[in-house]
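From first to last, the protein sequence lines stand for chains A, B and C. To convert, count from 1 in the first sequence and add 898; that's the working numbering. To convert, count from 1 in the second sequence and add 898; that's the working numbering. To convert, count from 1 in the third sequence and add 898; that's the working numbering. Ideal Cβ positions, reconstructed from N, Cα and C, are used throughout, including at glycine. Note that this is a predicted model, so its numbers are computed, not measured. Heads up, the thing below is written out as structure tokens.
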Amino acid sequence: MPHFTLEYSANLDGLLDMDQTVEVVREAAVETGIFPLGGIRVRAVRCEHYAIADGCNSYGFLDMVLRLGEGRDLATRKKAGEHIFRALSAHLDPVFANSKFALSFDMQINDKETSWKRNNIHDALKAEAVHG
Amino acid sequence: MPHFTLEYSANLDGLLDMDQTVEVVREAAVETGIFPLGGIRVRAVRCEHYAIADGCNSYGFLDMVLRLGEGRDLATRKKAGEHIFRALSAHLDPVFANSKFALSFDMQINDKETSWKRNNIHDALKAEAVHG
Amino acid sequence: MPHFTLEYSANLDGLLDMDQTVEVVREAAVETGIFPLGGIRVRAVRCEHYAIADGCNSYGFLDMVLRLGEGRDLATRKKAGEHIFRALSAHLDPVFANSKFALSFDMQINDKETSWKRNNIHDALKAEAVHG
């Protein structure tokens, strides 16, 4: 945890650098201070086929879902979500200026009772902090 | 809202036009009358790697998930879902006639407390309605 | 039901055979004995763009989500999840040995009130059992 998955319409190619975009989300997630660094995973899925609103082909979208673990209260989640959304939205200002576009962001909470993980990045980060 | 994401096995290539398919879902979603036009986003994700049932490679699937906002009662959601599923299922009749196939559709409700959006398509549609 | 969706960082190419990987999950799902064979669908989505932890490009991830139907108690779901996770995790031992990597697995339960399906694989499997 946390997992950020961005789905986006393929017509964003050329309008938006997606490597930069996932990095913007990652940095904003770190800045919230509520996530363990080694657990942050952001990724984007390009959608070749899509249909939006009245079916106009020039419309675009980017939809982000965050799945996170239990244990953070609503106020904490709202504040963190607000911060991340603002960063992503600002990054998309040029897209909004040049196209008709829909951006969205929703959160889901994973059930800790049915959650499994294995991760050697946490240890790598600790070793870096000590020896780096 | 609403978000429709279709995941499908890559062996549908050649059996199904995916641009047509997302359009069928979009039109059915509009017909339900319960969604703001400018919020409808349908997309498809092609899955190159998959394993189905007893592992037979010729099986295929299409799985659709709708995420929608709070505020519609169960009867409304069931009626809308039924309408959309029927349209999609009818569109897939040739696939069922020619292959062993699994179609599915589930709904999820987003928590309005942790939901953010920015969308200039609504205004574009209004401007079109006035000046178009 | 059940649906297993694996999202993974594109840098797994060359480290992991994804056709084998979805097959490992499918077999483990069958072994749990709690799923109808004809309903099992496993697929993987390759993510070209991602950002992990402190942004180091060599990190990788694989995140699996299982969506399943209602009607199985927590103990049953935990036992099945544990079995599937162990199989997947063991399959990824070489990846953990050779890279910094994050594996995760979460379950979600679909609302049976808003769930639709059409599937001719069940009948194909029955015919096979009788005539095969």
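Around the beta carbon of B:Ala951, 16 or more other beta carbons sit within 10 angstroms, so the residue counts as buried. Cβ atoms of B:Val920 and B:Val940 come within 8 Å of each other, at about 4 Å. It is roughly 28 Å from the alpha-carbon of B:Asn1018 to the alpha-carbon of C:Ala949. C:Glu925 and A:Ser987 have their C-alpha atoms some 42 Å from each other. Between the stretch 978-998 of chain B and the stretch 961-975 of chain A, the count of C-beta pairs closer than 8 Å stays below three; the two stretches do not touch.
Assignment of A:Arg924 by DSSP, reduced to helix, strand and coil, places it in the helix class. For B:Arg965, DSSP records a beta bridge to B:His901, B:Gln1006. Interface residue (Cβ-Cβ distance to chain C less than 9 Å): A:Thr903 is classified as such. With at least 16 other beta carbons inside 10 angstroms of its own, C:Asn1008 counts as buried. In this structure A:Ser907 is buried. Its beta-carbon is surrounded by 16 or more other beta-carbon atoms within 10 angstroms.
Among the residues of the stretch 992-1013 of chain A, those with a Cβ less than 7 Å away from any Cβ of chain B are Phe994, Lys998, Phe999, Ala1000, Leu1001, Ser1002, Phe1003, Asp1004, Met1005, in the order of the chain. In the DSSP assignment, A:Arg984 falls within the alpha helix (DSSP H) that extends over 972-989. Going by beta carbons, C:Thr1012 and B:Lys976 fall inside the 9 Å limit. CA-to-CA, the gap between A:Lys1024 and A:Leu935 works out to about 10 Å. Cβ neighbours of C:Leu966 within its own chain (closer than 8 Å, five residues either side excluded): Met899, Pro900, His901, Phe933, Arg975, Met1005, Gln1006, Ile1007, Asn1008. In the DSSP assignment, A:Lys1015 falls within the beta strand (DSSP E) that extends over 1013-1017.
Non-local C-beta neighbours of C:Val922 in its own chain, meaning closer than 7 Å and more than five positions away in sequence, comprise Ala985, Leu986, His989, ordered along the chain.
Contact between A:Leu910 and A:Leu960 holds: their C-beta atoms lie close to 7 Å from each other, under 8 Å. Around C:Val963, no beta-carbon contact reaches into chain B at under 7 Å, the shortest distance being about 11 Å. If the five residues before and after B:Asn996 are omitted, its C-beta is found closer than 8 Å to the C-beta atoms of Leu913, all from its own chain and listed in chain order. Within chain A, the residues whose beta carbon sits less than 7 Å from that of B:Gly936 are Ala951, listed in sequence order. Interface annotation for the stretch 964-988 of chain A against chain B: Leu972, Arg975, Lys976, Gly979, Glu980, Phe983, Ser987, criterion Cβ-Cβ distance under 8 Å.
In terms of Cβ geometry, B:Met962 and B:Phe994 do not form a close pair [threshold 9 Å]. In the DSSP annotation of this structure, the continuous segment of the beta strand (DSSP E) that includes B:Ala949 starts and ends at 947-950. Ranked by Cα distance from C:Lys998, the options C:Thr930, C:His1020, C:Glu1026, C:Cys954 are led by C:Cys954. Under the three-state reduction of DSSP output, A:Gly953 falls in the coil class, being neither helix nor strand.
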